[in-house]
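So the sequence shown is numbered by the working numbering: it starts at 1171 and just counts up by one. The beta-carbon is built from N, C-alpha and C at its ideal position, and this holds for glycine as well.
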Amino acid sequence: MPAFDPTTVLELLGLPTEDSLAACPTRSKVDAESVFRVLLSRELGAATSRRVEAALSEAGWFEPGVLAASDLAELRQFLADERIRLGDVALAKLRRLAVWVDALRVEDGSTSIGAGVDDESLRESLRAVKGLGPATVDAILLRGLGRAAFPVERAGYRILARHGWVDAAAGYDEARAVVEDAVDGDVAVLSALEAAFERVGREFCRPRAPRCERCKLRTLLPPNGPVHDELD
Ligand code: SF4
């Protein structure tokens, strides 16, 4: 199996890691808002999540203790009054995440969320929050908490599998480890790769038919082309 080389991938795509690092908090300066922001943007998209954040912040609700103790019906009505529709599932996830942050903040006693907790313990406790899938958990770890985690979305999985960097039967954690092991804990590189895979997956590495002839990663394909054509 060929080795995954993140430096070559980023060079081919022309993505600087500095810009990506700016998108992640540093470990010593993590606030609850940055954690909530990751979940909201995944659930609602960037524009709506910004509106939700602005409305909740103005009303004093974008704070872990307040959000954790909030009444869902009241929260839903407040957002409806602001002409923002946020489904009950997303709302419940946001509140459960607030409970998690609030408990961690009290336990940790630090102003930076999770500062005294190692990456694996954080991943394990986040995975226990109902409704958060493994990729959401790793996105929160990376972009919300500034940890060296790689969220393997479907697009990233397709890219890794088609190049033979992971086996098509690989599980989530196996695929994640291929990327994380290759970058040696570099949060900026992980963040740049996340952005790169999302873009390449959307523009070229589609589920049915990859558009390799126009993709900058084509020089890294195996001699006989992509290992798989159709992949979810
Ligand atoms: S070269 Fe082909 S298989 Fe590789 S990422 Fe681009 S579209 Fe996907």
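Cβ neighbour criterion (16 or more within 10 Å) applied to residue i
i	result
Thr1389	exposed
Lys1263	buried
Ala1309	buried
Arg1384	exposed
His1333	buried
Gly1355	exposed
Ala1352	buried
Thr1196	exposed
Thr1306	buried
Ala1345	buried
Ala1298	exposed
Pro1380	buried
Pro1176	buried
Leu1242	exposed
Gly1314	buried
Sub-8 Å separation of residue i and residue j beta-carbons
i	j	result
Ile1283	Val1205	yes
Val1322	Phe1174	no
Leu1185	Ala1318	no
Val1259	Gly1215	no
Ala1339	Val1397	no
Ala1167	Phe1248	There is simply no residue 1167 to check, as the chain begins at 1171 and stops at 1402 in what is shown.
Glu1188	Ala1358	yes
Leu1363	Leu1180	yes
Residue i Cβ short of 7 Å to the ligand SF4 heavy atom set
i	result
Leu1387	yes
Phe1174	no
Pro1396	yes
Val1370	yes
Arg1381	yes
Cys1194	no
Leu1391	yes
Arg1332	yes
Phe1374	yes
Ile1329	yes
Nearest-angstrom Cβ-Cβ length linking residue i and residue j, presumed shorter than 8 Å
i	j	result
Asp1201	Ala1238	With 8 Å as the limit, Asp1201 and Ala1238 do not qualify as a contact, their Cβ atoms being about 15 Å apart.
Gly1326	Gly1371	7 Å
Leu1434	Arg1324	With the chain covering only 1171 through 1402, there is no way to say anything about residue 1434.
Arg1275	Pro1234	6 Å
Arg1265	Ser1240	6 Å
Ser1361	Ala1285	No, Ser1361 and Ala1285 are not in contact; Cβ-Cβ is about 19 Å, not under 8 Å.
Leu1261	Arg1246	6 Å
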